[in-house]
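Below is one structure, written out as structure tokens; comments come after it.
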Amino acid sequence: MTTRVAMWSGPRNISTAMLRSFGSRTDTTVCDEPLYAHYLAATGLDHPGRDAVLASQPNRWQDVAAQLTGPAPDGAAVFYQKHMAHHLLPDIGRSWLDGLTHAFLLRDPAQVVASYARVRGEPTLEDLGYPQQAEIFRAYGGPVVDAADLLADPPGVLGRLCEALAIPFDPAMLRWPAGPRDTDGVWAPYWYAAVEASTGFTPYTPAPADIPEHLRPLVDVARPFYEELAAHRL
Numbered sequence: 061m062t063t064r065v066a067m068w069s070g071p072r073n074i075s076t077a078m079l080r081s082f083g084s085r086t087d088t089t090v091c092d093e094p095l096y097a098h099y100l101a102a103t104g105l106d107h108p109g110r111d112a113v114l115a116s117q118p119n120r121w122q123d124v125a126a127q128l129t130g131p132a133p134d135g136a137a138v139f140y141q142k143h144m145a146h147h148l149l150p151d152i153g154r155s156w157l158d159g160l161t162h163a164f165l166l167r168d169p170a171q172v173v174a175s176y177a178r179v180r181g182e183p184t185l186e187d188l189g190y191p192q193q194a195e196i197f198r199a200y201g202g203p204v205v206d207a208a209d210l211l212a213d214p215p216g217v218l219g220r221l222c223e224a225l226a227i228p229f230d231p232a233m234l235r236w237p238a239g240p241r242d243t244d245g246v247w248a249p250y251w252y253a254a255v256e257a258s259t260g261f262t263p264y265t266p267a268p269a270d271i272p273e274h275l276r277p278l279v280d281v282a283r284p285f286y287e288e289l290a291a292h293r294l
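The following block contains the structure:
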């Protein structure tokens, strides 16, 4: 019996570190943003490495859904799926989500918007993934992890997450070798330098968010979605 964990995160979070954490388990296989190619094909957005992403994954969401709900690679007991919530576009059917065990990785929207603005400029609410996270949570529930809590207490939060997912905690989730992984998306050279250098979760060092004035309303709109899920965080 395979537990298919769909971890829904927004951008500018620690989602790839969490991918590393689950990828270090002895009973787990992982996949990295499997809906990314469909997202690019459907939106026409020109992200770094676009052509390589489109060539590396199915471009039809139906094919992705079949893979994610089908037999786990290598018959693994845990099939961990790192999802960006904003990749779940309105055109994508939802019934296949019934076959997954859902979990959520949050970050305070002030921190997300400040970080996003430094690398991509003008995010929208949909780009940040909060409405999509709320949609899935309302339909399915599932454990909620706040990135700040995880960085402050990795063993405690990961232990509670595993308990909520009904899988055993593996201490290997706390440390991993530096370097790339075969399971990383082909976009890794553009985005994964920090995580490739990492060997564990970075200690939590909170800092005030430097939010451009014109993006403060976006933080205000995103916050109710964040707080709805954060009320259930582990």
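Numbered according to my numbering, the sequence shown spans residues 61 to 294.
Think of the CB as a built atom: it goes at the ideal place given N, C-alpha and C, for glycine as much as any other residue.
request  = Let me know the secondary structure DSSP gives Arg64 once reduced to three states.
outcome  = For Arg64, the secondary structure class from DSSP, reduced to helix, strand or coil, is strand.
inquiry  = What would DSSP say about Gly216, mapped onto helix, strand or coil?
reply    = helix
ask   = Nearest-angstrom Cα distance between Trp251 and Gly245?
value = 10 Å
query = From Glu256, Pro231, Leu148, Asp213, pick the residue whose C-alpha is nearest to that of Tyr190; which is it?
reply = Leu148
inquiry  = On the criterion of 16 or more Cβ atoms from any shown chain inside 10 Å, does Thr103 qualify as buried, or is it exposed?
reply    = exposed
request  = From the DSSP output, in three-state form, read off His147 for me.
outcome  = helix
ask   = Buried or exposed: Thr76, going by 16 or more other Cβ atoms within 10 Å of its Cβ?
value = Buried: at least 16 other Cβ atoms inside 10 Å.
query = When DSSP labels each residue in this structure, what does Ala238 get in the three-state scheme?
reply = Correct three-state label for Ala238: coil.
ask   = For Ala238, does the count of other Cβ atoms within 10 angstroms reach 16, so buried, or fall short, so exposed?
value = exposed
request  = Would you kindly work out how many angstroms separate the C-alpha atoms of Asp257 and Glu182, rounded to a whole number?
outcome  = Going by the sequence as given, residue 257 is Ala instead of Asp. Their backbone Cα atoms lie some 28 Å apart in a straight line.
inquiry  = For the stretch 169-180 against the stretch 270-286, do three or more pairs of beta-carbon atoms, one drawn from each stretch, fall closer than 8 Å, so that the two count as touching?
reply    = yes
ask   = What separation, rounded to the nearest whole angstrom, lies between the Cα atoms of Ser84 and Arg293?
value = 23 Å
query = Okay, do the stretch 264-271 and the stretch 122-129 touch, 3+ Cβ pairs below 8 Å being the bar?
reply = no
key: For Arg167 and Val204, the rounded distance between their alpha carbons   = 11 Å
query = So, is Leu105 buried or exposed, given that buried needs 16 or more other C-beta atoms within 10 angstroms?
reply = exposed
ask   = So, Ala136 versus Trp68, is the Cβ gap smaller than 7 Å?
value = The answer is no: Cβ separation not under 7 Å.
request  = With a threshold of 16 other CB atoms inside 10 Å of the CB of Met61, please say whether the residue is buried or exposed.
outcome  = exposed
ask   = Nearest-angstrom Cα distance between Ala253 and Phe229?
value = 27 Å
message = Tell me which residue opens and which closes the alpha helix (DSSP H) that Ala101 is part of.
response = Where Ala101 is concerned, the enclosing alpha helix (DSSP H) stretches over 96-103.
request  = Using a threshold of 7 Å, state whether the C-beta atoms of Arg235 and Gly260 are closer than that.
outcome  = yes
key: Arg72 at chain C interface by Cβ criterion, 7 Å   = Among the chains of the structure shown, chain C does not appear; only one protein chain is present.
message = Could you compute how far the alpha carbon of Ala291 sits from the alpha carbon of Leu160?
response = 22 Å
query = What are the start and end residues of the alpha helix (DSSP H) that includes Ala282?
reply = 276-290
ask   = Does the beta-carbon of Thr89 have 16 or more other beta-carbons within 10 angstroms, so that it is buried, or is it exposed?
value = buried
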